[in-house]
Amino acid sequence: MPLLSLTLTTINLQYKEAQVPFPTISSKPTTCQSLSSKPRLRKLFKTTSSFRFSKTQGLSASLLANSASGFHRFKEMVMVFDSYIVGTFLVSLLGFVFLFILRHNNNSRKKKIEKGTRDFKIQTDAVSGTEIGECSPENGSGTDVIIVGAGVAGAALAYTLGKDGRRVHVIERDLTEPDRIVGELLQPGGYLKLVELGLEDCVEEIDAQRVLGYALFKDERNTKLSYPLEKFHADVAGRSFHNGRFIQRMREKASTLPNVRLEQGTVTSLLEENGTIRGVQYKTKDGQELGAYAPLTIVCDGCFSNLRRSLCNPKVDVPSCFVGLVLENCELPFSNHGHVILGDPSPILFYPISSTEVRCLVDVPGQKVPSIANGEMANYLKTMVAPQVPPELRDAFIAAVNKGNIRTMPNRSMPADPHPTPGALLMGDAFNMRHPLTGGGMTVALSDIVVLRDLLRPLHDLHDAACLTKYLESFYTLRKPVASTINTLAGALYKVFSASPDQARKEMRQACFDYLSLGGIFSTGPVALLSGLNPRPLSLVLHFFAVAIYGVGRLLLPFPSLRRMWIGARLISSASGIIFPIIKAEGVRQMFFPATVPALYRAPPVD
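Just so you know, the sequence shown maps onto residues -2 to 604 in our numbering.
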């Protein structure tokens, strides 16, 4: 009330000085008494109480004249009190904010203490029968990383993180040896990554075969393309093998680490809390529903992943299917080389998978293949494919068809388009796929594991999911040199190597074969890209358009014509139509200008 009285008095004075009539202002007795009781305001009370007005009259001129000096003293004191009021208000506000922060910090500390003292739930391992602790990730105990899937990517990642001291829980749908017709050729670049991860001995004792390059066949002509391995150790080369044997070796090596646990079970869903992945829900081999929790969940459940949809924007394309056969007791025209036949309508592949077996993969365009059950597939292979097979392999090819062990596999392609999600990460074929023509899938997966390992090594605590997710955004840029080069080359080569009724595409196919047949940098350059030994996207684009320009030169020499010039223009247009959509899907900025991506420079979060 004293402050209100002073404020009202100030308003009256302002009205008076402006010579504007103002209404009567009166103070309550209690207010006047309280003001007069304070020694410092006693004089002010006497002065202000003399300026009361009746309802019909203003102050007399004599009273105004006698109290002129009082007005000035009063105004000075009001200004002093106003400054005290503002200062008091600001200090009170700051104090309130400070107390609120202290209270919030105390509450957070109490919550952490309560979570840290949470008891463990005991569940039984479906494989070994041992008891494991299921706990919330906030308490810092139990598992550091959950890996869904123990294929090439999952098993290699489990061993890599386990070797770095992480506590890893791997959940795999089927721990028996897989039997697949793809994932059997490891490029030299992939073998180097295997060495870097300490897994090179996994290609031993499985009858793996060294691969030194490719042989290309077209219209009764052939050319040999060797890997540029002169600058590497003698052991560096490609490797081809049975996919299941290779995976089992990596699983066995991962399971030798005491902090890595493999369990057979089917993951049904990711466990999410407030937008953060806390773990997984899975069904054990015995059908028991369990939950597993860890600060980081890495999904590596393969090309048929049922978990990727919540972690990325999957744009899966199925351009063709592979029909797989195993040829026995036959010799390839070029030993220790993969063989690519530019057939009609699409390529045919041969490569050794053991000392006595050769894998044959026949590409069939589209998503539908002839029926195996009613004999349509066998008839197709004998009548359409066998005549295009090199004579040295034809008898073995027909014998394999007659044996009847024919299998099919859809060839999937999916560019990496992740949704950065706190607590979870995608890897392997669940994350990114390309046409298997070039055999680059395992090379990309192993390269991604090396990148992720290097990013995680400085971190001792993975529990801050938000900070970890921001930090790991650099993973998507750091992986690009290897991944985008192999992905783009696989997609582009498949389209170039496939037959087409279009004359420009025919010229492009022939130009590619002739360009690679020139030898020197014209063959070693593209092969170094394909093998993962020189993962440079810009080099890939230069070689690709060099092939197109070489094709135009073939058309215009020795004498150009309007028709040839038109075909040459369409050839350049066709080449652009092949490679530019692939580059766009991979990301132009990350492929060619990674230094401009801010995520590349994020420092590891402080523990």
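Glycine included, C-beta positions come from ideal geometry on N, C-alpha and C.
How far does the beta strand (DSSP E) with H166 in it extend, from its first residue to its last?
On the sequence shown, residue 166 is found 169 positions in, with the first residue counted as 1. Counting along the chain, the beta strand (DSSP E) containing H166 begins and ends at V165 to E169.
Hey, would you say P609 sits closer than 9 angstroms to L452, going by beta carbons?
Given that the chain is displayed from residue -2 to residue 604, the structure contains no residue 609 and the question cannot be resolved.
My understanding is that A289 touches F238, with C-beta atoms under 8 angstroms, so please give their C-beta distance in whole angstroms.
Here residue 289 is taken as the residue at index 292 of the sequence shown, counted from 1. Here residue 238 is taken as the residue at index 241 of the sequence shown, counted from 1. Not a contact, Cβ separation roughly 32 angstroms.
Between L535 and F589, what straight-line distance do the alpha-carbon atoms span, to the nearest angstrom?
For the purposes of this step, residue 535 is taken as the residue at position 538 of the sequence shown. For the purposes of this step, residue 589 is taken as the residue at position 592 of the sequence shown. Their Cα atoms are separated by approximately 7 angstroms.
Helix, strand or coil: which one does DSSP assign to Y224?
For the purposes of this step, residue 224 is taken as the residue at position 227 of the sequence shown. In this structure, Y224 counts as coil in the three-state DSSP scheme.
Validate contact between the region 140 to 150 and the region 415 to 435 using beta carbons, cut 8 angstroms, 3 pairs
The region 140 to 150, when compared against the region 415 to 435, does touch it at the 8 angstroms Cβ threshold.
Could you tell me which whole beta strand (DSSP E) segments of length 3 or greater appear in the region 194 to 274?
Counting whole runs of 3 or more residues, the region 194 to 274 contains the beta strand (DSSP E) stretches 206 to 208, 210 to 215, 218 to 223, 235 to 237 and 257 to 270.
Does DSSP put R356 in a helix, in a strand, or in coil?
For the purposes of this step, residue 356 is taken as the residue at position 359 of the sequence shown. R356 falls in the strand class under three-state DSSP.
Would you mind stating whether A200 and R246 have Cβ atoms separated by less than 9 angstroms?
Walking along the sequence shown from the start, residue 200 turns up at place 203. Walking along the sequence shown from the start, residue 246 turns up at place 249. According to the sequence displayed, residue 200 carries Val and not Ala. Going by C-beta atoms, V200 is nearer than 9 angstroms to R246.
Roughly how many whole angstroms lie between the Cα atoms of I168 and C309?
Residue 168 sits at position 171 when you count from the first residue of the sequence shown. Residue 309 sits at position 312 when you count from the first residue of the sequence shown. Taking the straight line joining both Cα atoms gives about 21 angstroms.
Host alpha helix (DSSP H) of Y598 (start-end):
Here residue 598 refers to the residue found at position 601 of the sequence shown. Note, Y598: premise wrong, no alpha helix (DSSP H); not H, not E.
Backbone secondary structure at H648 - three-state DSSP:
Residue 648 cannot be examined here, being either before or after the span of the chain that is shown, -2 to 604.
Are there three or more Cβ pairs, one per stretch, closer than 8 angstroms when the region 152 to 159 is compared with the region 217 to 225?
Three or more beta-carbon pairs separated by less than 8 angstroms are not found between the region 152 to 159 and the region 217 to 225, which leaves the two stretches without contact.
When the Cα of V233 is compared with those of Q285, G529, C300 and R551, which residue comes out closest?
Within the sequence shown, numbered from 1, the residue matching residue 233 stands at position 236. Minimum Cα distance to V233 is reached at G529.
Within the same chain, show all residues whose beta-carbon is closer than 8 angstroms to that of E470, passing over the 5 residues directly before and after it, in chain order.
Counting from 1 along the sequence shown, the entry for residue 470 is found at position 473. Within its own chain, the residues whose Cβ lies closer than 8 angstroms to the Cβ of E470, once the five positions on either side in sequence are excluded, are P417, A596 and R599, listed in chain order.
Quick check on the burial criterion: 16 or more other C-beta atoms within 10 angstroms. Buried or exposed for T173?
One-based indexing of the sequence shown puts residue 173 at position 176. The residue is exposed, with fewer than 16 neighbouring Cβ atoms inside 10 Å.
Taking V145 as the reference, give the member of I369, E181, Q261 and L254 with the closest Cα.
Locating residue 145 in the sequence shown gives position 148, counting from the first residue. Checking every option, the nearest Cα to that of V145 belongs to Q261.
What residue ranges within the region 490 to 515 form continuous alpha helix (DSSP H) runs of no fewer than 4 residues, ordered along the chain?
Taken in chain order, the complete alpha helix (DSSP H) segments of 4 or more residues contained in the region 490 to 515 are 500 to 514.
With a threshold of 6 angstroms on Cβ separation, who are the neighbours of P349 within its own chain once the five nearest residues in sequence on each side are excluded?
Your numbering for residue 349 matches position 352 in the sequence shown. Apart from the 5 residues on each side of it in sequence, P349 sits with its Cβ closer than 6 angstroms to the Cβ of Q206, S237 and V355 in its chain, given in chain order.
Would you give the residue range spanned by the beta strand (DSSP E) that N429 belongs to?
One-based indexing of the sequence shown puts residue 429 at position 432. Note, N429: premise wrong, no beta strand (DSSP E); not H, not E.
From the DSSP output, in three-state form, read off F319 for me.
In the sequence shown, the residue the question calls residue 319 occupies position 322. Note: F319 maps to strand in three-state DSSP.
Exposed unless 16 or more other CB atoms sit within 10 angstroms - verdict on N240
Locating residue 240 in the sequence shown gives position 243, counting from the first residue. It counts as buried.
I'd like to know whether the C-beta atoms of C357 and L390 end up nearer to each other than 9 angstroms.
By 1-based counting over the sequence shown, the position of residue 357 is 360. By 1-based counting over the sequence shown, the position of residue 390 is 393. Between C357 and L390, the CB-CB gap stays under 9 angstroms.
Does the Cβ of F214 have 16 or more other Cβ atoms within 10 Å, making it buried, or fewer, making it exposed?
Within the sequence shown, residue 214 is the residue found at index 217, counting from 1. Residue burial is scored here from C-beta neighbours: F214 has at least 16 other C-beta atoms within 10 angstroms and is therefore classed as buried.
Who pairs with P523 in a beta bridge, going by DSSP?
Translated into positions along the sequence shown, residue 523 becomes position 526. DSSP lists no bridge partner for P523.
Nearest to S410 by alpha carbon, out of A582, G235 and P367?
As a working mapping, residue 410 is identified with position 413 in the sequence shown. Among A582, G235 and P367, the Cα nearest to that of S410 belongs to A582.
Does the region 178 to 185 come within contact of the region 429 to 444, defined as at least 3 CB pairs closer than 8 angstroms?
Counting Cβ pairs under 8 angstroms, three or more are found: they touch.
Buried or exposed for T485, please, with buried defined as at least 16 other CB atoms from any protein chain shown within 10 angstroms of its CB.
As a working note, residue 485 is residue 488 in the sequence shown. When all chains shown are included, T485 counts as buried.
Closest residue to G517 among A413, N333, L222 and K228 (Cα-Cα distance):
The residue given as residue 517 occupies position 520 in the sequence shown. The candidate whose alpha carbon is nearest that of G517 is L222.
Own chain, CB closer than 8 angstroms to G401, minus 5 neighbours either side, in chain order:
Counting from one through the sequence shown, the residue named residue 401 turns up at place 404. So the list reads A375, once near-sequence residues are dropped.
Going by other Cβ atoms of all chains shown within 10 Å of its Cβ, with 16 needed for buried, is K250 buried or exposed?
Translated into positions along the sequence shown, residue 250 becomes position 253. The residue is buried, with at least 16 neighbouring Cβ atoms inside 10 Å.
Residues in its own chain within less than 7 angstroms of G272 by CB, not counting five upstream and five downstream?
One-based indexing of the sequence shown puts residue 272 at position 275. Only P419 meet the Cβ criterion.
Distance check for N333 and G565, CA to CA, integer angstroms please.
For the purposes of this step, residue 565 is taken as residue 568 along the sequence shown, with counting starting at 1. For the purposes of this step, residue 333 is taken as residue 336 along the sequence shown, with counting starting at 1. Approximately 37 angstroms, taken between the alpha carbons.
Only counting the same chain, and skipping five residues up and downstream in sequence, which positions put a Cβ closer than 7 angstroms to that of V603?
The residue given as residue 603 occupies position 606 in the sequence shown. Excluding positions up to five away in sequence, the list is empty.
Step through the CB atoms of chain C and report whether any lies within less than 9 angstroms of the CB of R431.
This model lacks chain C altogether, as it is built from one protein chain only.
Measuring straight from C-alpha to C-alpha, what distance separates L527 and P433?
Taking the first residue of the sequence shown as 1, we reach residue 527 at position 530. Taking the first residue of the sequence shown as 1, we reach residue 433 at position 436. Rounded to the nearest angstrom, the gap between the Cα atoms of L527 and P433 is 12 angstroms.
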